[in-house]
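Novice: Protein chains in written order, with our numbering: chain V, 1 to 319; chain Y, 320 to 654; chain F, 655 to 980. Yeah, the Cβ is synthetic: ideal placement off N, Cα and C, and Gly gets one too. Structure in structure tokens, see below.
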Amino acid sequence: MSGPGGIATLADHKRKRIDELIARTSDAGGVSLIRDAGRRLLRNPTAIVGAVLILLFLIIAIFAPLVAPHDPVQRFPELTKDLTVDNIPGATAGHPLGSDPLGRDFASRMIYGARQTLFVGVLATLIGLLLGVLLGAIAGAVGGWVDVLVMRLTDVMLALPSLLLAITLVALASRSTQWTVIIAVAVVNVPIFARLLRGSMLAQRESDHVLAARALGVRQRHIVLRHMLPNSLTAVIVQATLTFAVAILDAAALSFLGLGDPDINRAEWGLMLGVDGVRYFEVRPELAYFPALAIILVALGFTLLGESIREALDPKNRR
Amino acid sequence: MVRVILRRLIQLAVTLIVLMTLVFFWLRSLPGGPVDALLGERATPQTRELLTRALGYDQPIWVQYGRFLENVVTGNFGNSIRTGEPVMDVISRSFPATIELALAAIIIAVGLGIPLGYLAARHRGRVLDNATIIVTLIGISIPIFFLGYLLKDWLTQSVHLFPPSGRISTGLGNTDVTGFFVLDGLLTRELDASADALWHLVLPAFTLATIPLAIIIRITRASVLDVLDEDYIRTADAKGLRGPTIRRRHVLRNALLPVVTTIGLQTGALLAGAVLTEKVYNWGGLGTLITDSIGGSRDYPVLQALILLAAVVFIVVNLLVDLSYAIIDPRVRVK
Amino acid sequence: MPLLDVRDLSVVFQRKGTAPVKAVDGVSFTVEPGQTVGLVGESGCGKSVTSLAIMGLLPRRGNKVTGEVMFEETDLLTLRPQELRDRRGRDIGMIFQDPLSSLNPVIPLGVQVAEVLERHQGRTRQAALKQARELLDAVGIPDPARRLKEFPHQLSGGMRQRALIAIALACKPRLLIADEPTTALDVTIQAQILTLLKELVDDSGTALVMITHDLGVVAGLCDTVNVLYAGKVVERAGRHQLFREPRHPYTDGLLQSVPRLDVDRGGRLHQIRGSVSDNIPWPEGCAFAPRCDRVIDDCIGDTVPLEPTRAGALRCTNPVPREVPV
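Below you can see the structure in the form of structure tokens.
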């Protein structure tokens, strides 16, 4: 599975788990498996709960301007009036969740937060996925020293705990912006996706349905596009769903460490929790409770959905 | 077996060399290069010139690279920008604190995780099992620094059960032998210091243990369920063996195999979690060192040493895990 | 008095959200002491489930077992789990289809043999290991002292099945249930294992229930044969009787689909059309009817009872006629 003269022990284990995922999702092939999995998914209450959670947050994110009572960056005189570091006004008429430390409407910031948080999570996941898939596909397709190089690089990246790698990457940039956070969190996931895609492609090259297609004289390009890619992508989609939860949590952790987006107007849950939430925890813990709850629920939603999809695709559960 | 270890050690060396190379070029790719990183942007051209020559940055790149490798191998990472002390001194001072915390977290995660996962599997589909699944799902979905603040708020502010921060109360444990405060107290017979240090350890350790604990519970549960379905368990039943014998001898041993691997992988999560946990509880270990090294001006000499250290710890722990795996699973031993 | 008397045994699987499945439907048969009885049928006919139900090895949840399994004087189905454990491995031994997965991969073979002796005969580990060595020797495993310390993956498939036989027979049970014991083995090994089994049960007087889909196994081993189809016994007869004069069209079909060297070399092999899942969609009538060449209207009407015959028993409204002696 791994390239010649494998490097790191660390990665061996992560690699093994990725390979397991590949084995589970890529053997037994094609459309009927996916249709089967879809049917099982719809009957699985866990999947439904996950999907409903995600959908709920998606709707809030899309319709934030309609749902939110106020502009998330506007400071309100009635809130700033008595505002001190020791006194942040709670719920009042017109401001159901009270004020944030700068006299802005907390409820509106929470609602707009869905947008920014999903934006960070989706983008970080997508960038990681695209780079990883590209890298994995190149390694798999070109082979030779390119493959070796790519695999060694991913080994090294997997040797560092993901958050530590993200910290390092942010530290690399001279100053933080929203994009350094997104990119750092995205890059952490590149080796995972790269290995996943490459491994899945290699595994399938030898699988029965691809051999059968080849024996029937189906053209190489057709085999790759119609037979191999769809199967590899199911594994990638499962991983992406699970990655999303991790991405949001990592972004929040970076904010907490002071490496987050410095824009004080930005309403993003990780930022709200990691900066104001913990700073004013003793004054007004709600500033932490609400974004934390939102993060837990949305991470939970993606984890539930991802694991249900994985379970549904597992040929073991095919009865 | 010896060959496996040797091969792994070579792999370790290769990974480290690649990593060091990346770190080397990373430092040189910084805007203004490492000299600016060390001096800041306001330094005069003269100082800059001086330092460039002193550090050998006027030499060809391959000479620099060679000297860099030599320094790393001899543990000479230069001086911290923040404090001016040698990097190795700074790190070895913070090292015991983090190890103490991480060990406590691992003990909690393994000591609670395996029994709880096992119990959940035995009660499959019933209340206990479902409750466990929900709690562990929340455990991996919660930002652990938030959980840290939550525990701190409930158990040190609302109820004065635990101390809110630090490793030991002031005035206690003045004799520093190993740097592991719980152990130091025992060695110097200051039992009150040991107990106090242990008391300080409880909340941070539980906070840090959250994610590994949740994951170990889930893996153990899934693994036990897999094993219960195995044919050899049916054979054991057909032999008429007693329930406890089957569980101890046949189920647990096989079910632990994937758990052992997981424990190795979780050291990664532990290192990352330590950064967050130490900040919450003002712990003063390597995690705090990382936070301090990136806050304000970035302390690159310390950072690069910490990155290499993290990789070494992770790789070595997983090597040990592999070896213990070979002890449990005869199939690996032979290969 | 029979050693084992299975009366009207039924097993219904019930999984949440799915219709209940009747895997075993009123199966009755007896095993006399020292006798070898075959349960024959294609996969999915309920033969393995029957054996697991007799042993009380079906998963505790998701199924319902009714009927009686009289072992000597006791109904095994009414025993408390602990009492059943005391009997399994001591009075009744069992061997399974896949010898590799049926042995624990991380425990030395010696312990896996010894533990059954420790459990039922109160041996110490040391005494049990000594006896285990003799047992391995008796089932034809060479160099048993060394094998005791080895792990299942170090043994060949045939060795593993021999080891499982040694385990099952360690406490000299009065009944051995063998569930497809040769299916996972190479053809050359199959014959060795069957010969070994036959020798061992003949020498020790152990009764054997042989579960198989392979009529060749039946022909070489069994005194009495029960043919199962869709969870029901459809025909029972002595071995010679069954092979000479099958009455049920299903039995007849099975026999005709075995390649034979002595007749009709040029002709095609007979095959039974359809598969075991092609049942009539209502509970009454003969389950084999949709696949049967001899089907008549009565077959799909009322429940067809199992009627005693001179040779044994038969469940068929339109059986294959006996050959009339000329």
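Mind checking whether F:K1064 and F:G885 have CB atoms under 8 Å apart?
Specialist: Residue 1064 of chain F falls outside the range modelled here, since chain F spans only 655 to 980, and no answer is possible.
Novice: Just verifying my parser: in three-state terms, what is the DSSP assignment at F:M709?
Specialist: On the third sequence, residue 709 of chain F is found 55 positions in, with the first residue counted as 1. Reduced to three states, the DSSP call for F:M709 is helix.
Novice: Check each candidate in Y:D548, Y:R508, Y:I565 and Y:G587 and name the one with the smallest Cα separation from Y:L527.
Specialist: Taking the second sequence and counting its residues from 1, the one referred to as residue 527 of chain Y is at position 208. Per the Cα distances, Y:G587.
Novice: Is there a C-beta anywhere in chain V that falls below 8 Å from the one on Y:T564?
Specialist: Taking the second sequence and counting its residues from 1, the one referred to as residue 564 of chain Y is at position 245. Cβ-Cβ to chain V under 8 Å: no for Y:T564.
Novice: Which class does F:I831 belong to by DSSP, given the choice of helix, strand or coil?
Specialist: Position 177 of the third sequence holds residue 831 of chain F. In this structure, F:I831 counts as strand in the three-state DSSP scheme.
Novice: What separation, rounded to the nearest whole angstrom, lies between the Cα atoms of V:G29 and V:L202?
Specialist: As a first step, residue 29 of chain V must be located in the first sequence, where it is residue number 29. As a first step, residue 202 of chain V must be located in the first sequence, where it is residue number 202. Note that V:G29 has pLDDT 46, beneath the 50 cutoff, so the model's placement of it is unreliable and no number is given.
Novice: Using a C-beta to C-beta distance shorter than 7 Å, which residues of chain Y count as neighbours of V:R152?
Specialist: Translated into positions along the first sequence, residue 152 of chain V becomes position 152. Near V:R152 (Cβ distances below 7 Å), the residues of chain Y are V337.
Novice: Using the beta-carbon of each residue, which ones in chain F are nearer than 8 Å to Y:H569?
Specialist: To locate residue 569 of chain Y, count along the second sequence from 1; it is residue 250. Correct list: N758 and I761.
Novice: If you draw a straight line from the alpha carbon of F:K826 to that of F:R744, how long is it in whole angstroms?
Specialist: Position 172 of the third sequence, counted from the first residue, corresponds to residue 826 of chain F. Position 90 of the third sequence, counted from the first residue, corresponds to residue 744 of chain F. About 7 Å.
Novice: Return the chain-ordered list of same chain residues with a C-beta closer than 8 Å to the C-beta of F:N758, the five sequence neighbours on each side being excluded.
Specialist: Here residue 758 of chain F refers to the residue found at position 104 of the third sequence. Cβ within range, chain order: Q766 and P806.
Novice: For the stretch 449-461 of chain Y, which residues have a CB atom closer than 8 Å to at least one CB atom of chain F, in sequence order?
Specialist: If the cut-off is 8 Å between Cβ atoms, the stretch 449-461 of chain Y has nothing near chain F.
Novice: If we ignore side chains and look at the alpha-carbon of each, how far apart do Y:A332 and V:R40 end up?
Specialist: Here residue 332 of chain Y is taken as the residue at index 13 of the second sequence, counted from 1. Here residue 40 of chain V is taken as the residue at index 40 of the first sequence, counted from 1. Going by the C-alpha atoms only, they are around 47 Å apart.
Novice: Which class does Y:E404 belong to by DSSP, given the choice of helix, strand or coil?
Specialist: Start at 1 with the first residue of the second sequence, and residue 404 of chain Y comes out as number 85. Three-state DSSP puts Y:E404 in coil, outside helix and strand.
Novice: Within 10 Å of its beta-carbon, does Y:P523 have 16 or more other beta-carbons around it, so buried, or fewer, so exposed?
Specialist: Start at 1 with the first residue of the second sequence, and residue 523 of chain Y comes out as number 204. Y:P523 should be labelled buried.
Novice: Under 8 Å between C-beta atoms, does V:T180 make it to chain Y?
Specialist: Counting from one through the first sequence, the residue named residue 180 of chain V turns up at place 180. No, because no Cβ of chain Y sits closer than 8 Å to the Cβ of V:T180.
Novice: Could one say the Cβ of Y:K654 lies closer than 8 Å to chain V's Cβ atoms, at least one of them?
Specialist: On the second sequence, position 335 is the one that residue 654 of chain Y refers to. With a pLDDT of only 44 at Y:K654, under 50, the local geometry of the prediction cannot be trusted, and the value read off the model is given with reservation. Not an interface residue.
Novice: For F:S697 and F:V719, I'd like the C-alpha separation in whole angstroms.
Specialist: Numbered from its first residue, the third sequence carries residue 697 of chain F at position 43. Numbered from its first residue, the third sequence carries residue 719 of chain F at position 65. Roughly 20 Å separates the two Cα atoms.
Novice: Helix, strand or coil, according to DSSP, for Y:A416 in the structure here?
Specialist: What you label residue 416 of chain Y is simply residue 97 of the second sequence in a count that begins at 1. Residue state, collapsed to three classes: helix.
Novice: Please list, in chain order, all residues of the same chain as F:Q785 whose beta carbon is under 8 Å from its beta carbon, the five residues on each side excluded.
Specialist: Start at 1 with the first residue of the third sequence, and residue 785 of chain F comes out as number 131. Correct list, in chain order: A768, L771, R777 and A824.
Novice: Skipping 5 residues on each side, what residues in its chain have a beta carbon closer than 6 Å to that of Y:V315?
Specialist: The question about residue 315 of chain Y has no answer here: the residues shown for chain Y are numbered 320 through 654.
Novice: How close, in whole Å, do the beta carbons of V:E286 and V:L97 come, if the pair is a contact with beta carbons under 8 Å?
Specialist: By one-based count along the first sequence, residue 286 of chain V stands at place 286. By one-based count along the first sequence, residue 97 of chain V stands at place 97. Confirmed, about 7 Å.
Novice: I'd like to know if V:A64 contacts chain Y, where contact means its C-beta is closer than 8 Å to some C-beta of that chain.
Specialist: Translated into positions along the first sequence, residue 64 of chain V becomes position 64. Taking Cβ atoms only, chain Y never reaches closer than 8 Å to V:A64, which makes this a no.
Novice: Specify the secondary structure class of F:S682 as computed by DSSP and reduced to three states.
Specialist: Taking the third sequence and counting its residues from 1, the one referred to as residue 682 of chain F is at position 28. Of the three classes helix, strand and coil, the one that applies to F:S682 here is strand, per DSSP.
Novice: Taking all protein chains shown into account, do 16 or more other C-beta atoms lie within 10 angstroms of the C-beta of Y:A479, making it buried, or fewer, making it exposed?
Specialist: Indexing the second sequence from 1 puts residue 479 of chain Y at position 160. It is His, not Ala, that sits at residue 479 of chain Y in the sequence shown. By the neighbour-count rule (16 or more Cβ atoms within 10 Å), Y:H479 is not buried but exposed.
Novice: Please determine, among V:A294, V:E311, V:S308 and V:E307, the residue with the shortest C-alpha to C-alpha distance to V:L58.
Specialist: Reading the first sequence from its first residue, position 58 is the one you call residue 58 of chain V. Selected option, being the one with the closest Cα: V:A294.
Novice: Please identify, using Cβ separations under 9 Å, the residues of the stretch 255-269 of chain V that lie next to chain Y, in order along the chain.
Specialist: F256, L257, G258 and L259
Novice: Does the beta carbon of F:I821 come closer than 8 Å to any beta carbon on chain Y?
Specialist: Counting from 1 along the third sequence, the entry for residue 821 of chain F is found at position 167. Answer yes: the Cβ-Cβ gap between F:I821 and chain Y drops below 8 Å somewhere.
Novice: Mind reading off the beta-carbon distance from Y:Y468 to V:A159? Whole number of angstroms is fine, and I expect it under 8 Å.
Specialist: The residue labelled residue 468 of chain Y in the question sits at position 149 within the second sequence. The residue labelled residue 159 of chain V in the question sits at position 159 within the first sequence. In fact, because the Cβ distance is near 30 Å, the residues do not count as touching under 8 Å.
Novice: Can you give me the start and stop residues for the alpha helix (DSSP H) that Y:K471 sits inside?
Specialist: Counting from 1 along the second sequence, the entry for residue 471 of chain Y is found at position 152. Annotation for Y:K471: the continuous alpha helix (DSSP H) segment containing it runs I463 to K471.
Novice: Using three-state DSSP, classify V:S26 as helix, strand or coil.
Specialist: Taking the first sequence and counting its residues from 1, one reaches residue 26 of chain V at position 26. Any reading at V:S26 must be qualified, since the residue scores a pLDDT of 47, below 50, and its modelled position is unreliable; no value is offered.
Novice: So which residues on chain Y does V:I167 lean against when the C-beta distance must stay under 8 Å?
Specialist: Within the first sequence, numbered from 1, the residue matching residue 167 of chain V stands at position 167. Within chain Y, the residues near V:I167 are V594, I609 and I613.
Novice: Here's a check: name, in chain order, each residue in its chain whose Cβ is nearer than 8 Å to the Cβ of V:P69, leaving out the five neighbours to either side.
Specialist: On the first sequence, position 69 is the one that residue 69 of chain V refers to. G94, H95, P96, D105, A107 and S108.
Novice: Taking only runs that begin and end inside the stretch 751-789 of chain F, name each unbroken beta strand (DSSP E) of 3 or more residues, in chain order.
Specialist: none
Novice: Would the stretch 707-722 of chain F count as touching the stretch 683-695 of chain F if we require 3 or more Cβ pairs under 8 Å?
Specialist: no
Novice: Have a look at Y:A630, Y:R553 and Y:V636 and flag the residue whose alpha-carbon is nearest the alpha-carbon of Y:L335.
Specialist: Reading the second sequence from its first residue, position 16 is the one you call residue 335 of chain Y. The option with the nearest alpha carbon to Y:L335 is Y:A630.
Novice: Between Y:V501 and Y:L491, is the Cβ-Cβ spacing less than 8 Å?
Specialist: On the second sequence, residue 501 of chain Y is found 182 positions in, with the first residue counted as 1. On the second sequence, residue 491 of chain Y is found 172 positions in, with the first residue counted as 1. Result no, Cβ atoms of Y:V501 and Y:L491 do not sit closer than 8 Å.
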